[in-house]
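The next block holds one structure in the form of structure tokens; read it before the comments.
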């Protein structure tokens, strides 16, 4: 059974169709990439998965449970956590306070200190910054804090929106390494939404290509990276 199953999902904003009959699956312990150009509908899909957007039709099942009518905070307690585009930290709070807020969504909050220590192991940079306001951090530091905040909720699945946006390549590689680590060591499933198609497919085992609200291509990442149409359209290669 898939951990996440999406079937015939459709979302509209007024008369504008943003997602059209979208369907995909994600298994326990898997990293899957959802890639596409800006405006393809990737962020809307993530917001629908977390309950922030209501679909016109379709179904979403998480660990065998239909969740379309489940409110966002309950989806978080079931194990869905999101790292939003732009980080969306509470900029007037410190790094540690942001991490503590994330832990409130955990099914069992008794492990808060342990979970924050785990984040500090993943991102030692945050230890010396833990009492600094998150609004004063660099973009890379903010992304580390945002991922850490999601992890303190003890998710079973992490939804990451535009991980690399605006970050230096060395920081992106650092964060990509952490994503691989939490997937390998903790078995956290990851849906990685990225405009950087090459990066996403290097990290993920499988990928889906979203174009104008529809999934048009899917398959193993190794095969997608060799496709001429993907290389030309998304990687700038002929």
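In this note's numbering, the protein residues as written are 213 to 450.
Just so it is clear, CB atoms sit at the ideal spot from N, CA and C, and this is done for glycine as well.
Three-state class that DSSP yields for residue i in the structure shown
| i | result |
| --- | --- |
| residue 274 | strand |
| residue 256 | helix |
| residue 372 | strand |
| residue 406 | strand |
| residue 339 | helix |
| residue 177 | Because the chain here runs from 213 to 450, residue 177 falls outside it and cannot be looked at. |
| residue 312 | helix |
| residue 300 | coil |
| residue 214 | coil |
| residue 220 | strand |
| residue 449 | At residue 449, the pLDDT of 48 sits below 50, so the modelled position is not reliable; the number obtained from the coordinates is stated separately. Coil, per DSSP. |
| residue 412 | helix |
| residue 262 | coil |
| residue 237 | strand |
| residue 284 | helix |
| residue 432 | strand |
| residue 322 | helix |
Beta-carbon contacts of residue i that lie in its chain and below 7 Å, excluding the five residues immediately before and after
| i | result |
| --- | --- |
| residue 351 | 378 and 379 |
| residue 504 | Given that the chain is displayed from residue 213 to residue 450, the structure contains no residue 504 and the question cannot be resolved. |
| residue 440 | none |
| residue 310 | 301, 302, 346, 357 and 361 |
| residue 258 | 294, 371, 373 and 405 |
Presumed contact (8 Å Cβ cut-off) between residue i and residue j, rounded CB distance
| i | j | result |
| --- | --- | --- |
| residue 287 | residue 263 | 5 Å |
| residue 334 | residue 390 | 5 Å |
| residue 343 | residue 243 | Not confirmed; about 33 Å, so no contact. |
| residue 238 | residue 215 | 6 Å |
Sequence-distant residues of the same chain with beta carbon closer than 6 Å to residue i, five excluded per side
| i | result |
| --- | --- |
| residue 372 | 295 and 404 |
| residue 406 | 247 and 412 |
| residue 318 | 365 and 366 |
Beta-bridge partners of residue i, as assigned by DSSP
| i | result |
| --- | --- |
| residue 345 | 306 |
Neighbourhood of residue i by C-beta, 8 Å cutoff - its chain only, sequence neighbours within 5 removed
| i | result |
| --- | --- |
| residue 417 | 242, 243, 244, 432 and 433 |
| residue 354 | 299, 301 and 346 |
| residue 369 | 215, 216, 238, 274, 291, 292, 293, 400, 401, 402 and 403 |
| residue 449 | Caution applies to residue 449, whose pLDDT of 48 falls short of 50 and renders its modelled position unreliable; the value that the coordinates give is listed next. Closer than 8 Å at Cβ, skipping near neighbours: 443. |
Can at least three beta-carbon pairs, one atom from the region 299–313 and one from the region 342–351, be found at a separation below 8 Å?
-> yes
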